[in-house]
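These notes are about the structure you will find just below.
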Amino acid sequence: MGKNVTRWRVGDRVAPIFYQNWIAGPYREAYGPAALGGGDADGVLADLITVPEASLVRIPDELSVEEAATLPCAALTAWQALVVRGRVAAGDTLLVQGTGGVALFGLQIASALGARTIVLSSSDEKRERAEALGAFATVNYRATPDWDVAVRKLTDGLGVSHILELGGPDTFDRSLRALAAGGRIAQIGVFTGFGPRSNLIRLQQINGTIDGVNVGSAEQFEAMNAFLVAHRIKPVIDRSFAFDEAEAAYDELASGRHFGKLVIRF
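Now the structure itself:
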């Protein structure tokens, strides 16, 4: 620990923010190079890392270290999309794509706010688990390729007010068709690639909004932690791996078999 550090003591339970210089206020492009695992900064798959004291956030006592490890990226991204930017409220409807970390945190946060969430998944077993976690409806997108039609039927023809867009070009047009008038799409993932989006005239026709969502600040991280504790939200961890099993963990991530987060222990 640096001799000038005043905020922390040896033994404190902390987690780093993704953008080490984004402490508060709106995002600035200058924060990008200091992103953990991107730009000029190394990631956290290491025995020891060095970060500025201001870029650390205290871990809630109610969460284990493994649970807290899921928060800086996946949880904070969902928080930014739904609370900071989306202002989700009771009575709203949300569509999430898949059952990975961001999707399930989105489901849990939205449920705590009183919103109803529809989950897309290609696995009926995962759909059942999502419903047990609070989803009011699920759709198997493999069995129902026109899932946008199914989503509109589930919302009395109106569409959903919020979408966590995690798929990318192959899902974007259907997301637009599933979006309600005045609704908001949080653009987060690009699982199907980086190709162009299309049919943006549809966005104009329904007076919709697209938000680019990029994790969050230390200040937002602290607010999210307080919310998670107040609503007794626990991260969903599918499986934990030892440090020397890191390659297997990444293989599991690439397979898409997991439900929630994968964690690597030290």
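Straight run, no breaks: the sequence shown in this note's numbering ends on number 1289.
Glycine included, every Cβ here is placed at the ideal spot set by N, Cα and C.
What's the C-alpha gap between I1256 and F1244?
Stepping through the sequence shown from its first residue, residue 1256 is reached at position 233. Stepping through the sequence shown from its first residue, residue 1244 is reached at position 221. Going by the C-alpha atoms only, they are around 15 Å apart.
Quick check: the Cα distance between V1142 and A1101, rounded to an integer number of angstroms?
To locate residue 1142, count along the sequence shown from 1; it is residue 119. To locate residue 1101, count along the sequence shown from 1; it is residue 78. Between V1142 and A1101, the alpha-carbon positions lie close to 14 Å from each other.
Just to confirm the assignment: which complete alpha helix (DSSP H) runs, minimum length 4, are found wholly within the region 1085 to 1131?
Complete alpha helix (DSSP H) runs here, min 4: 1088 to 1091 and 1099 to 1102.
Ignore the nearest five residues each way along the sequence and tell me which others in L1285's own chain have a CB closer than 8 Å to its CB.
Within the sequence shown, the letter at position 262 stands for residue 1285. Counting only Cβ-Cβ distances below 8 Å, and skipping sequence neighbours, we find I1260, D1261, R1262, S1263, F1264, A1272, E1275 and L1276.
Could you check what DSSP says for Y1164 in three-state terms: helix, strand or coil?
In the sequence shown, the residue the question calls residue 1164 occupies position 141. Residue state, collapsed to three classes: coil.
Does the count of Cβ pairs from the region 1055 to 1071 and the region 1024 to 1032 closer than 8 Å reach three?
Touching, no, given that fewer than three Cβ pairs across the two stretches are closer than 8 Å.
Within 10 angstroms of the Cβ of K1176, are there 16 or more other Cβ atoms? Answer buried if so, exposed if not.
Numbered from its first residue, the sequence shown carries residue 1176 at position 153. Result: exposed.
Could you tell me the boundaries of the alpha helix (DSSP H) in which L1143 lies?
Within the sequence shown, the letter at position 120 stands for residue 1143. Counting along the chain, L1143 sits inside no alpha helix (DSSP H); it lies in the beta strand (DSSP E) bounded by residues R1139 to S1144.
Compute the distance between the beta-carbons of P1039 and V1088, then report whether it is under 7 Å.
Position 16 of the sequence shown, counted from the first residue, corresponds to residue 1039. Position 65 of the sequence shown, counted from the first residue, corresponds to residue 1088. One thing to note: P1039 has its Cβ no nearer than 7 Å to the Cβ of V1088.
D1267: beta carbon under 6 Å from a heavy atom of the ligand PLP?
Absent from the structure shown: the ligand PLP. Ligands present: none.
Neighbourhood of R1108 by C-beta distance below 6 Å, restricted to the same chain and skipping five residues each side
Indexing the sequence shown from 1 puts residue 1108 at position 85. Taken in chain order, the residues that qualify are D1234.
For the region 1040 to 1048 against the region 1197 to 1215, do three or more pairs of beta-carbon atoms, one drawn from each stretch, fall closer than 8 Å, so that the two count as touching?
Output reads no: the region 1197 to 1215 does not touch the region 1040 to 1048.
For N1163, which residues in the same chain have their Cβ closer than 7 Å to its Cβ, ignoring the five residues on either side in sequence?
For this step, residue 1163 is matched to residue 140 along the sequence shown. Cβ neighbours of N1163 beyond the five flanking positions: S1144, S1145, D1147 and R1150.
Locate the beta strand (DSSP E) running through V1037, then write down its first and last residues.
In the sequence shown, residue 1037 corresponds to position 14, counting from 1. Here the beta strand (DSSP E) through V1037 covers V1037 to P1039.
Simplified DSSP assignment, three categories, for Y1042
Locating residue 1042 in the sequence shown gives position 19, where the first residue counts as 1. Here Y1042 sits in strand by DSSP.
Residue range of the unbroken beta strand (DSSP E) whose run includes I1224:
The residue labelled residue 1224 in the question sits at position 201 within the sequence shown. Segment L1223 to Q1228 is the alpha helix (DSSP H) holding I1224; no beta strand (DSSP E) there.
Among the residues of its own chain, which have a CB less than 7 Å from the CB of V1238, if the five just before and after it don't count?
The residue given as residue 1238 occupies position 215 in the sequence shown. The residues are F1041, Y1042, C1096, L1099, T1100 and Q1103.
For V1183, count the other beta carbons within 10 Å of its own beta carbon; 16 or more makes it buried, fewer makes it exposed. Which is it?
Working through the sequence shown from its first residue, we reach residue 1183 at position 160. Counting of Cβ neighbours within 10 angstroms places V1183 among the buried residues, the total reaching 16 or more.
Contact set for L1181: own chain, Cβ-Cβ below 6 Å, skip 5 residues either direction:
Within the sequence shown, residue 1181 is the residue found at index 158, counting from 1. Taken in chain order, the residues that qualify are A1203.
Among A1138, R1197 and D1065, the one whose alpha carbon lies nearest that of D1115
Taking the first residue of the sequence shown as position 1, residue 1115 is located at position 92. Checked all of A1138, R1197 and D1065; the closest Cα to D1115 is A1138.
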